[in-house]
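Heads up, the thing below is written out as structure tokens.
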Amino acid sequence: MKKKQLILAAGCCLVISVLSVSCASTTPAVATDLVYEVPPAPDPEGDVNAKPLSRQEVIPQLQVDAGYIYRNMLVFLDPEAEENAALLRENTRVCLTYPAHGIAITRSYQENADALTALERGLARLKQTKGGEPPVIRLTGYASPDGNSAENERLSRNRAASFRGYLKDRGLIPASAEVVVDWGGEDWEGLAQLIAASSKAYANKVLPVLKGSLTAAAKLEQLKKMDGGSTYKDMEANFFSKLRRIEVLVDVELPRLSETPDLVELTERFNEFPDKLTLEELLVLAKLYRPGTEGYREVYEIAAYRFPENKIVQLNAAAAALAVGDKESGRYFLSHVQDDPRSYASAGVLALMDGDLPGAEGFFKKGISANPRLMREDLRLIHCYK
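And the structure:
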């Protein structure tokens, strides 16, 4: 606390304790009320030696707005200033799964219907887009590790080739698009990632085998022997169906807007069909809102879900979510850019919101190279609370 003394015009003295402007609490501060004494002016007709009377009044302290503090610690990027070529790229990524030994895609299988709908929308937008570089459609097939390795290699290749035919027969591939077919065979790495992210008790036993240098046949043999075969059966039931898949990535460079768009028309389109706006149109629309507001957050949140490969969109979506107090959305968007130095301001604020001061300090120190002025200011603020 710092004390300030104000001299009033009438000669009264007012002494109050106020929160220092150099430090602010990360949570709304509810301090004890302030008391001031105002001695009255001496009575010319009374006893000049008499002690002046005094009275006490209570002044409620102002509360510190934690949200305001956090917003000032965040970084919102200007896409144009960043001059990132990725801003003018649109990515549609979907994953389609297959039953065991399946090659032809089945729309009703697991979550394929939603994935195909998203892919069809993305391909339809390509046909409406003029200019820019020809789009590239990458199809990569995979197989689960059960069965013969050579057969699984063939399955993964045929899944990718068959799906190319599926798209072509339905007229979904734009004439200008380049289609790249690839396959990965048995997806041991994908299995390791699924098990590492799970809460399975056998994860610590299984992961060294999956990540080791054994041949595929030797890995499979060891897994089948674990716990009398129960571990392998559980993996087969819970994870193998997610490995029998094809990943589709549609990558296209979008042409820049040649004219200033009609912002009223753009806003109406966003309100009715937000999934039909291009990335650049969403970025133009976001400029209508002040960073940290709900409108800004809504635009960037939609852009982040639609364009998960775009780092600047993910960074702004994370900062926008944290600015309105949505920790979990902020955490989700940050997971896409956790190795980007520009994410450290938001990561530090998230750590503060979680009550992790050492973690926040670590992120702000790491972020000095990307934004030295703001990171040093953020560090100064959190040092006030220690």
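Heads up, the sequence shown is in the numbering used here, so the first residue is 49 and it goes up one at a time.
Just so you know, even glycine gets a beta-carbon here, dropped at the ideal spot from N, CA and C.
Owing to the predicted nature of the structure, the values given are computational and were not obtained by experimental measurement.
| Query | Result |
| --- | --- |
| With a threshold of 8 Å, are at least 3 pairs of Cβ atoms found where one atom belongs to the region 283-291 and the other to the region 189-201? | yes |
| So, V372 versus R390, is the Cβ gap smaller than 7 Å? | no |
| In this structure, how does DSSP classify L400 when only helix, strand and coil are distinguished? | helix |
| Check whether the region 201-213 touches the region 158-172, counting contact only when three or more Cβ pairs, one atom from each stretch, lie closer than 8 Å. | no |
| Identify, in the order they occur along the chain, each residue of the same chain with its Cβ nearer than 6 Å to the Cβ of D230, setting aside the five sequence neighbours on each side. | T188 |
| Would you kindly work out how many angstroms separate the C-alpha atoms of S394 and A265, rounded to a whole number? | 45 Å |
| So K267 and Y280 are supposed to be a Cβ contact under 8 Å. How far apart are they, rounded? | About 11 Å separates the two Cβ atoms, so there is no contact after all. |
| With a Cβ-Cβ cutoff of 7 Å, do A240 and L262 count as a contact? | no |
| Got a sec? Which residues, its chain only, sit under 7 Å from C143 by beta carbon, not counting five neighbours each side? | A163, R293, E295 |
| Check whether the Cβ atoms of D402 and F412 lie closer than 7 Å to each other. | no |
| Based on DSSP bridge pairs, tell me the residues matched to T154. | Paired residue(s): none; T154 is not in a bridge. |
| What residues in its chain sit with their C-beta under 7 Å from that of L122, if we drop five residues either side in the sequence? | A367, L370, A371, A393, S394, V397 |
| Pop quiz: V298 and T165 are said to be a contact at Cβ under 8 Å. What is the actual Cβ separation, rounded to whole angstroms? | In fact, because the Cβ distance is near 14 Å, the residues do not count as touching under 8 Å. |
| Mind checking whether A352 and A365 have CB atoms under 7 Å apart? | yes |
| Beta-carbon separation of L330 and V347 under 7 Å? | yes |
| Taking 7 Å as the cut-off, decide whether the C-beta atoms of P420 and F124 are in contact. | no |
| Pull up the distance between the alpha-carbon of L405 and that of G415, whole angstroms please. | 15 Å |
| D388 and L422 look like a contact to me (Cβ under 8 Å); what is the Cβ gap, rounded to whole Å? | At roughly 16 Å, the Cβ-Cβ gap does not stay under 8 Å, so D388 and L422 are not in contact. |
| Name, in chain order, the residues that DSSP records as bridge partners for W231. | G189 |
| DSSP on V142, reduced to helix/strand/coil? | strand |
| According to the Cβ coordinates, are N200 and E234 closer than 7 Å? | yes |
| Let's see if you can read the secondary structure: which residues bound the alpha helix (DSSP H) around A225? | Per DSSP, A225 belongs to no alpha helix (DSSP H) and is neither H nor E. |
| Which one or two residues does DSSP pair with R293 in a beta bridge? | T145 |
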